[in-house]
Each structure stands twice: as C-alpha cells, then as structure tokens.
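These protein sequences, in sequence, are chains A and B.
For what it's worth, the working numbering labels the leading residue of the first sequence as 1, then goes sequentially.
For what it's worth, the working numbering labels the leading residue of the second sequence as 1001, then goes sequentially.
One structure below.
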Amino acid sequence: MTVQLHLAHSSMFIGAGVVAGGPYRCVESFPTASAIAEDAWVQNAFFICMNPLIPEAGPKVPRLLEIAQQTAADRMIDPLHHLKKARLYIFTGSEDKVVDSAVVETTRAFYMGLGVEPDNILFDNTVPAGHALLTTNPEDNPIAANEPPYLNRWSNPTMQSWQILDHIYGGLTPPDGPPRGRLMAFDQRPFFGGDSRASMSRIGYVYVPLPTKKNVRPRVHVALHGCKQGASYVNLINGLPDKANSPPYGNRYVTTTGYNEIADANDIVVLYPQVEGIDDGRTQNPEGCWDWWGYSSPDAAAPDYYSQHAIQIRAIHAMLLSLGATA
Amino acid sequence: MRNRKASMMAPTRSDPDALPHALQRLAKASLHDPAHPRRTPLPFVPVARAMASLQLLKHQGASRPEQAMTAALALPMVMFREEAAREATALGAAVYQQFLGLCADWVDGLTELGQDMGTLRQVNTVTKYVDEESNLALRGVALMTAQVTAVARLMENVQVNVAWLIGRHATPPAG
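Here you go:
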C-alpha cells in the first residue's frame, strides 16, 4: 500500500519507507490467472507478490513500469517525474517467510526503473529478520520471527523507524527521551464516508509533537501499519474474532515503534490511519491489511486501489490536507 | 460463539429469562435482518452453504482452465528452452523444500500434542477433566486443519506459478 500511496500522490511526498512491501500494482502481473478478476488479483497477491516459489516466478519490473506509466498518462496518479528526487528506504529481512525478499528487490528495481536516483535509495536485505518492523523493545518478538504483532527486536541501538525517517528527511536529531507531544485519536469516518468497503476503522491516531523551533512548519509522516497491526485488529480463531483474548496489537504499533520519539525531536507530525479486518462477503480483508490487491475497489474488473480515486488513498489524502499538507 | 469453558472465571447463567430470550434470538435469526443483508435466515442456511460451494466451483472453473490453457498453449514454445528447464528444476526443488517444511510442522505438532497428552495435570473436577480432554481433541483437529490448508495453498501456489512462468516465456514482457 505504501508504494501505491506514494505513486498516487508523489508530488506531496519527499520519500517513502517500504518495509517488506512489493512493487506498484504487483497483483496485475498475471491478470489471466483467472477469468474472474478478483480471483486473479488474490492469486497474484499470494503466489506472485508474496510467495513466489522461485524468484523467477515473482513480479516483472518492465510490465509494472509500463502499467505505472500508463496510469500516470491517464492522470490517475501524479506525474512520475516527481519521483526522480524521492528518497526511499526499502527493507526486507533475509528470514522473511511472508513476503519473499526477491519480491522486495523488485520494488527497488521498480523505483530505479522510474528514474529515482540510486543514491537516494537505501536498500537493506542484510538483516536476518522475519516479516516485521524492527525495534529495540525487549517485549517484541525475536529477530527472525514471522508472527504477530510483526514487531521484532534487533541488536541495533536505534529503532528502524528512526533510520527510515532519517533517510527520508536527512540530518534528523536523535531523540533525547520519551515523547512530550500528544497522541490523539480522531474519527476517521468523515474521511471515508463510513463505507465498509474501505475496511477502515472508526478511530485513527495522530501524534503531534511539541514544537522544538519557533516558526517552523511541521512536516507530516504517514505511518501505515502492516497486516494484523491495526489498533482494532482482533485475531481470528476458527474464523471468528477472538475478542476475549486478543491483545490490541495496534496500540503497540502506534506507541512503541519509535516514530513518536523521532518525530518529537524533529517537529514531525505522525499520522497513523487505521484499517481493520473485515470479511463479510463484500469486503475480503480478514487480516486487516491496507489495500494493495483491490479488495476495496467498487469493480474488481476495473480496480482503482492504486490511484487517487481509491477510497483508502482518498481518505489519507483528505487527512493530510486537513493537517495542512500541500502538494 | 459463546464459549462455556471450565475456567473458574467462566460466568454461570441462571437468570429465568435466559431461555425465552435465547428463543427470541433464534426466532429473529430465522427472519431476514435488514441490518445484516448478507446474513442468511436460518431456514435457508443449507441453501446458502450449497450456493457457497457452487460459487467456489464456479471460481475454480474460471481459474484452473484459464491457467491450464495458458500453460498448454505456451508449453510447445518453451519445453526445449534451457532457461525453462532450469526454472522447472528450481521450482521442483522449491516445492520439495516446502513439502519438507510441512512434514516438519506435522511432526512438531504431533510431538507437542503427544507431550501435552502425556503431561500429568491435576484434576479435581469432572468439569476440568472434560475440558482438558476436549482441548486436546480440538488441538488435534486444529493441527489437521492447518496442514490441509497449507497443502491446498502449496498446490495453488504451484498451479499459479507454473502457469505464470510458462505463459511468460511464451509472451515475454516488453522492455
């Protein structure tokens, strides 16, 4: 989803951090996987964009570049020239068993194919990590785990979120203590019209730092949680939400991943929009993922999840505008 | 689903209105609920289950022939290519590795279950005994279900990857 959001509004963003994510419109690699479009997208998501049996069965960059160029020509996303100066942090753990590292390598190749300057891309596939955002928290999973809440601890003295933001913005001041700003909950429904197709939660979060410098316009970072990491996500047991026993993973993503600390020291507002698991026959998103395969599209045969028209991307864009962001 | 377990903290139900209220909920569930338009009234559940099975068959009918056709049309063009043979070998090795992983999960699961079955726990009530025996049986079913699901996923993975690889060789992407 991060890549779809980035390309849709590349004029608004100076860069992106992609942790274990595939390239733009990856699920449209093999559209003839099924005569039924929504089946094809899901099969592509599982077996080409997450777990190709061999790297050769993964997504192919030239096709995805063509698709991106056509999408820009159709004015469904910002012109691609905005990406040339983009700063990208792309990470894949070498023990990731959920999204194969070979797929994430195509994300790097995709951005390079779009003309992003190689020096602006920090690509790291050297850490023996599972599918996770990496932290220094002792309560998080061991480094090689591939399990919820997909927060693993590494031996590095800094949070991965600090590295992401430092690469994107450059020259950030390291945090010097716990965050002093305010973490606020807000009603997301006005941003997506309360439509269950969006699979978005009622509540989203935003961290607003205490200003460290006067007359400095704060920057905004959008932190998109991963699958099963939303604040209201509840694990499914035998197909039913285990509401009695599931810990609220999402609070950990919002409060313990280090974004707030680094934001506090550098006048960065962090927006944490939230999606939740829905599997009701209309919206197939049981694991509470952001839409990168089209479940939120009104018409599966002509999906819009990758464009400025996508219900989730529209919602996040509206949130950014309400925070004072400009293109 | 209300879980009524043997936990000390499990609430009991003894209010006199509980059964009438439950019957009311049952009656309500037998009618169409405008608030949940996708929920089938109980009398029509067998029909809904049959429809769901038919829908799966329809979807499978749309995917498998499509993939088989893609592969079959492309196969004559790729079967003698060295690159295709190399990919086929790598694919076979990858499937074998995943199969070994599934076997390992199976062995680990059975070992863990066996160890738990052999662990002597203190039981002071029939309630707790029944609960523990049920838990073991349910964990066995859960292990079986997880294995069957994983095998089905691997089979779908192979089908999609083979069709995609062969089809791509027949029509290489531009660029």
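Here a beta-carbon is modelled for each residue, glycine too, at the ideal position from N, C-alpha and C.
None of the values given here were measured: they were computed from a predicted structure.
For residue i, count neighbouring C-beta atoms within 10 Å of its own C-beta (all shown protein chains included) and say buried if the count is 16 or more, exposed if not.
i: L1091 (chain B); result: buried
i: A20 (chain A); result: buried
i: K60 (chain A); result: buried
i: F192 (chain A); result: buried
i: M1001 (chain B); result: Low local confidence applies: a pLDDT of 45 at M1001 (chain B) is under 50, so the model's placement there is unreliable, with the coordinate-based value given in what follows. With fewer than 16 other Cβ atoms within 10 Å, it is exposed.
i: H221 (chain A); result: buried
i: G204 (chain A); result: buried
i: G230 (chain A); result: buried
i: A73 (chain A); result: exposed
i: K1058 (chain B); result: exposed
i: N238 (chain A); result: exposed
i: T126 (chain A); result: exposed
i: S199 (chain A); result: buried
i: M319 (chain A); result: buried
i: F1099 (chain B); result: exposed
i: D78 (chain A); result: buried
i: P118 (chain A); result: exposed
i: Q160 (chain A); result: buried
i: Q404 (chain A); result: Shown here, chain A extends from 1 to 327; a query on residue 404 (chain A) therefore has no answer.
In angstroms with no decimal places, state the Cα-to-Cα distance between residue i and residue j.
i: A1104 (chain B); j: Q1147 (chain B); result: 11 Å
i: L1154 (chain B); j: R108 (chain A); result: 27 Å
i: G17 (chain A); j: Y24 (chain A); result: 14 Å
i: E1156 (chain B); j: D1015 (chain B); result: 51 Å
i: D140 (chain A); j: G1061 (chain B); result: 44 Å
i: R314 (chain A); j: Q308 (chain A); result: 6 Å
i: D1033 (chain B); j: V275 (chain A); result: 26 Å
i: P1041 (chain B); j: A1022 (chain B); result: 16 Å
i: P157 (chain A); j: N260 (chain A); result: 17 Å
i: A1072 (chain B); j: I90 (chain A); result: 38 Å
i: M1 (chain A); j: L7 (chain A); result: 10 Å
i: P1043 (chain B); j: S1030 (chain B); result: 6 Å
i: L134 (chain A); j: G258 (chain A); result: 10 Å
i: D39 (chain A); j: F30 (chain A); result: 11 Å
i: A310 (chain A); j: H131 (chain A); result: 26 Å
i: A263 (chain A); j: P174 (chain A); result: 9 Å
i: V1130 (chain B); j: Y253 (chain A); result: 39 Å
i: M50 (chain A); j: K1028 (chain B); result: 43 Å
i: L1143 (chain B); j: L1102 (chain B); result: 11 Å
i: V206 (chain A); j: L165 (chain A); result: 16 Å
i: R1013 (chain B); j: N245 (chain A); result: 21 Å
i: A1068 (chain B); j: A1163 (chain B); result: 7 Å
i: R63 (chain A); j: P179 (chain A); result: 44 Å
i: R189 (chain A); j: P1037 (chain B); result: 21 Å
i: E1112 (chain B); j: S297 (chain A); result: 43 Å
Name, please, each residue of chain A whose Cβ falls closer than 8 Å to the Cβ of residue i.
i: S1063 (chain B); result: A33, S34, A35, I36, D39, A40, Q43
i: H1059 (chain B); result: S34, I36, D39
i: E1156 (chain B); result: Q43, F46, F47
Mind checking who residue i pairs with in its DSSP beta bridge?
i: G15 (chain A); result: A:R87
i: M411 (chain A); result: The structure shown does not extend to residue 411 (chain A), since chain A spans only 1 to 327, so no value can be given for it.
i: Q312 (chain A); result: In the DSSP output, where bridge partners are listed per residue, Q312 (chain A) has none listed.
i: P241 (chain A); result: A:L236
i: V270 (chain A); result: A:Y207, A:H221
i: T135 (chain A); result: A:R153
i: F192 (chain A); result: According to DSSP, which records beta bridges pairwise, F192 (chain A) is partnered with nothing at all.
From the options, pick the residue whose C-alpha is nearest to that of residue i; which is it?
i: H167 (chain A); options: A:F110, A:S199, A:L88; result: A:L88
i: F47 (chain A); options: A:C26, A:G258, A:L172; result: A:C26
i: A129 (chain A); options: A:T106, A:M112, A:S101, A:P118; result: A:S101
i: M1117 (chain B); options: B:W1106, B:L1102, B:V1107, B:A1137; result: B:A1137
i: R1168 (chain B); options: B:T1145, B:E1083, B:T1089, B:G1109; result: B:E1083
i: G250 (chain A); options: A:H9, A:Y150, A:L323; result: A:Y150
i: A86 (chain A); options: A:E56, A:H9, A:T92; result: A:H9
i: L187 (chain A); options: A:A302, A:L271, A:H81; result: The residue asked about is misnamed: residue 187 (chain A) is Asp in this sequence, not Leu. When only C-alpha atoms are compared, the closest one is A:L271.
i: Y233 (chain A); options: A:D195, A:T255, A:G277; result: A:G277
i: E66 (chain A); options: A:A57, A:L80, A:L53; result: A:L80
i: M1009 (chain B); options: B:T1145, B:L1056, B:K1128, B:N1161; result: B:K1128
i: R1121 (chain B); options: B:L1110, B:E1133, B:T1111, B:E1112; result: B:E1133
i: V1095 (chain B); options: B:D1017, B:A1152, B:L1019, B:V1107; result: B:A1152
i: P1065 (chain B); options: A:W41, A:A35, A:T92; result: A:A35
Residues of chain B with CB under 9 Å from residue i, in chain order?
i: E276 (chain A); result: Those within 9 Å of E276 (chain A) in chain B number zero; the least Cβ separation is about 17 Å.
i: R282 (chain A); result: R1038
Taking residue i as the query, report the chain A residues whose CB atoms sit under 9 Å from its CB, ordered along the chain.
i: T1070 (chain B); result: F30, T32, A33
Note down, in chain order, every chain B residue with its Cβ under 7 Å from the Cβ of residue i.
i: L114 (chain A); result: Here the premise fails: no neighbours, minimum Cβ distance about 13 Å.
Output, in chain order, the set of chain B residues within a Cβ distance shorter than 8 Å of residue i.
i: I48 (chain A); result: V1160, N1161, W1164
i: E56 (chain A); result: E1087, A1090, L1165
Name the chain A residues that come within less than 7 Å of residue i, Cβ to Cβ?
i: Q1122 (chain B); result: In chain order: nothing, as chain A lies at least about 24 Å away.
i: A1050 (chain B); result: Under the 7 Å cutoff, chain A gives no residues; its nearest Cβ is about 16 Å from A1050 (chain B).
i: V1095 (chain B); result: L53
i: Q1067 (chain B); result: A33
Below 7 Å, is the gap between the Cβ of residue i and the nearest heavy atom of the ligand MN?
i: I36 (chain A); result: Questions concerning the ligand MN fall outside what the structure shown contains, since it holds no ligand whatsoever.
Counting only C-beta atoms, is residue i closer than 8 Å to chain E at any point?
i: N156 (chain A); result: Looking for chain E here will not work: the only protein chains present are A and B.
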